[in-house]
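All residue numbers for the sequence shown refer to my numbering, where the first residue is 1204 and numbers rise by one. Reviewing the structure listed below.
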Amino acid sequence: MMIADNLTTKSKAPYGILKAYATILFCHHPLIGMAYIMATFLLPNTGISGVVAAISGYLTARLLRFPHIENGMYVYNSLLVGLTLGATYHFDHYLAVLIIFGSIMAVFVTAVATDLLWRWEHLPVLSLPFVVVALIVAFAVDGYGSLTHFMKPYLPAVTVLHPAIDGFFTSLGATLFLPLFWAGVIFFCGIIITSRYLALLAVCGYCVGTILFFFFKSGSNTSGFGNSGFNFILTAMAIGGMFTVPEWKSFILAMISSAITALITAATHNFLKDYGIPVFAIPFLVATFSVLAAMRKRAVFAAPYLLLEDPNIPEVNYEKSRIARARSGNINSLPLAVPFFGSWSVYQGFDGEHTHKSPWQYALDFIVLENGKSHQYDGKKTEDYFCFGLPVTSPAYGQVVRINDGIADNTPGEVDTKNNWGNFILIKTSGNLYILLCHLKNGSIKLNEGDYVKPGMIIAYCGNSGRSPQPHLHIHVQTEATLGSATAPFHLLSVIVESAENRSAYFKLNHIPQRGEIIKSAEKTAKLARPIHLPVGRRICYNCKTSESREDILELITVITLTGQFRIETSSGASCAFEENDGVLAFYDRAGAKDIFFDIWLLSHGVTPLSEEACCWHDRPAGSLVPLNKLKKIALYMTTLFQPGLKSQYKRSWKDTGGFWVQESTHQLVKPPFINISLKTSSMICPERGFNKISAELDGVLYELNMLLTEQKGDTGVEEWIILNSNNKSEVSPE
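Written out as structure tokens, the structure reads:
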């Protein structure tokens, strides 16, 4: 075991160093880091200095047991210290000692700065430790006679393409202190391979920053520009690509940030020129920290959306945001559980014709209908109405801040305009929004002010108090605790929807009910939910084959990460996160190796309601899950900047003859004029084995996955079990 641990540590060392080189330009793949290392040896003095610094920083972080060393955070700041010294002084034993101690200092500064910045405004550390150490070293070695200068500020002698184009690549190369055209080309290729959108931001940010820099310095000495244009590039990539969701507002913000960086560059140069010190990455850091910190101070959560907790390349950020919008609804809309049991009809929806007008337009009124009528008999008594006296449940977690009880219920047809809201409960949520449920039955409120509630808890009964001509339940979300405050958007989670035109039970993960719709909560059905539940340690194996004679074994196992995320992993190295909440099993965040059969399995079950009543639903999974041929992959790559989502339609039915459910789906991706993709899948869900058999068809190719076994790994006090699947028969075998 000790030998294995040592081997693992050794294998992490080169990975962490390669990752550090790539991370400087927001890339991640170690092969790109290897290319960047090789590029630094275009100036061997700089290259060897960088390697010495990276190794010194890595060993320091490893020996002192700093966390998350493999992500390169500690190493790349040490690396930058070495690169800047190697670009300034000849490499000898004097410089080597300086690089080693500077790299060690960078590790310590990184550890402290990371914690302080996160506690302050959840800001990333970026290259701040490098700048701090570089300034200290620059002042410390001033007049240090043992060091000899390596090179003067570099100016290309020959124009390779065009002065403007050469300036971009030279500035990009200067990010790693290699103000060389071909170094910039290599770095740009790495950026394009990582993210085309980052490459676009790099070019646009450089153009905006350069134009503004020369505008600020018009008519005066512009020598301060030098190769500092990399600050404009890094700012645009950070603001527009890594730390915000890509869209037009974040792009504009990135360009504005690059312009601000140009102004800071001019000011920083004027301040440091008398000391003979370059601007380093100071303009990039000042602009990026200022913009990100300012964006966190906004009073509303709106675009551009920040991603400080989980930054990634733009394509990943876009995909996460896209699927979140598709499944969770408007990000500024409060999700609520259905506030009743059974099926209720929407009497008045948002912007309703009666009372739901601005600023109270975000509100819903519910009644119960039977055969198109809300009451029995002649409807002259409140007791005649089907919803009168039915339980009202809490739609969210929160605290009761105000109640009103004791107002008599109206005779049907009459209204109490002096007490518009009638008997009501006002609940404060953790997000400082308030949920109002009103027109409640007199004397039915079961709570006191200060009580805490949770979804599904019975809190009162439906009545006819206040401005209510017939018994109904009114619910809305408001921004303040004062009655009559402006309402705020909200939506209902995991509902079964029936309309007057279509009586089929359509499941919606998030929904804003419309007038005339019949709404009910999608309650979990144990018969369906139990076999497809995926606890930690669940292992499922499939025999996979295609009509093209390809065969394979797909092995799935459920794990939980250190951060508490549930993931399903394959033996090939592919994985996907999943959640089982709000009556639905949902998969997202596909990562790792390519695996066609795993992707088909995910498409077949991407969103699976756990309610047996759910007959139809839709989803917008990632287009990358579809197994495309090379021609379509190229066409899609050339015609889209971001991977588009699929339009997926699901339907499920119970087969009495076989005793199982069939879940069918159609996944479409249409991008005229070259791409029209339609993938069909079918999954057999057995009450004993769960997802038993999956089939799919695309472009005439058939895919089939047949379960071989499903098992549960044992734990302390938990018995292992296995179900073997042979000829459509199951055999239970404890281990």
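Yeah, the Cβ is synthetic: ideal placement off N, Cα and C, and Gly gets one too. Quantities reported herein were computed from a predicted structural model and do not represent experimental measurements.
Assumed close pair residue i, residue j - CB separation to whole angstroms, cut-off 8 angstroms
i     : j     : result
S1778 : D1822 : Not quite, the Cβ-Cβ distance comes to about 19 angstroms (not below 8 angstroms), so this is no contact.
S1856 : E1726 : The pair is not a contact, with the Cβ atoms about 19 angstroms apart (cut-off 8 angstroms).
F1543 : P1594 : 7 angstroms
L1326 : L1495 : 6 angstroms
D1612 : N1645 : 5 angstroms
Y1745 : M1910 : 6 angstroms
P1692 : Y1565 : 5 angstroms
V1255 : I1303 : 7 angstroms
Secondary structure of residue i, DSSP reduced to three states
i     : result
G1719 : coil
V1571 : coil
I1743 : strand
G1219 : helix
A1540 : coil
W1563 : coil
Y1600 : coil
A1691 : strand
H1578 : strand
N1623 : coil
A1825 : strand
Y1277 : helix
S1668 : coil
P1356 : Here P1356 scores only 48 on pLDDT, less than 50, and its place in the model should not be relied on; the value that follows carries that caveat. Residue state, collapsed to three classes: coil.
P1594 : strand
S1548 : strand
S1750 : coil
E1701 : strand
L1676 : strand
A1707 : The residue asked about is misnamed: residue 1707 is Ser in this sequence, not Ala. Of the three classes helix, strand and coil, the one that applies to S1707 here is coil, per DSSP.
Enclosing alpha helix (DSSP H) for residue i [first to last residue]
i     : result
Y1261 : 1247–1266
D1554 : It is not in any alpha helix (DSSP H) - D1554 carries neither H nor E in the DSSP assignment.
I1436 : 1433–1440
E1518 : 1517–1531
E1324 : 1296–1324
K1833 : 1833–1842
V1334 : 1331–1343
A1457 : 1451–1475
G1616 : Unbroken run through G1616: none, as it is neither H nor E.
C1392 : 1384–1397
Short Cβ contact (9 angstroms threshold) for residue i with residue j
i     : j     : result
L1806 : V1829 : yes
S1306 : S1281 : yes
Q1681 : L1639 : yes
V1284 : V1328 : no
V1411 : A1367 : no
D1785 : L1731 : no
F1269 : A1314 : yes
W1804 : F1863 : no
L1686 : L1650 : no
N1713 : S1536 : yes
H1675 : I1570 : yes
S1868 : Q1846 : no
G1387 : L1403 : no
G1479 : I1436 : no
Where the beta strand (DSSP E) through residue i begins and ends
i     : result
S1885 : 1878–1889
F1894 : 1893–1901
L1872 : 1863–1874
M1910 : 1904–1915
R1855 : 1850–1858
A1663 : 1661–1664
Which residues DSSP lists as bridging residue i, in chain order
i     : result
L1757 : Y1745
Y1637 : K1631, Q1681
P1812 : V1787
N1645 : Per DSSP, none; premise fails for N1645.
N1713 : L1696
G1795 : A1777
W1820 : Y1853
I1771 : T1761, C1779
T1447 : L1509
D1608 : Answer by DSSP bridge pairing: none, since D1608 is not bridged.
W1804 : W1804 is not bridged to any residue.
V1656 : G1601
Y1588 : H1578
Residue i beta carbon near the ligand SAH (any heavy atom closer than 8 angstroms)
i     : result
R1501 : The ligand content of the structure shown is nil, which means the ligand SAH is not present either.
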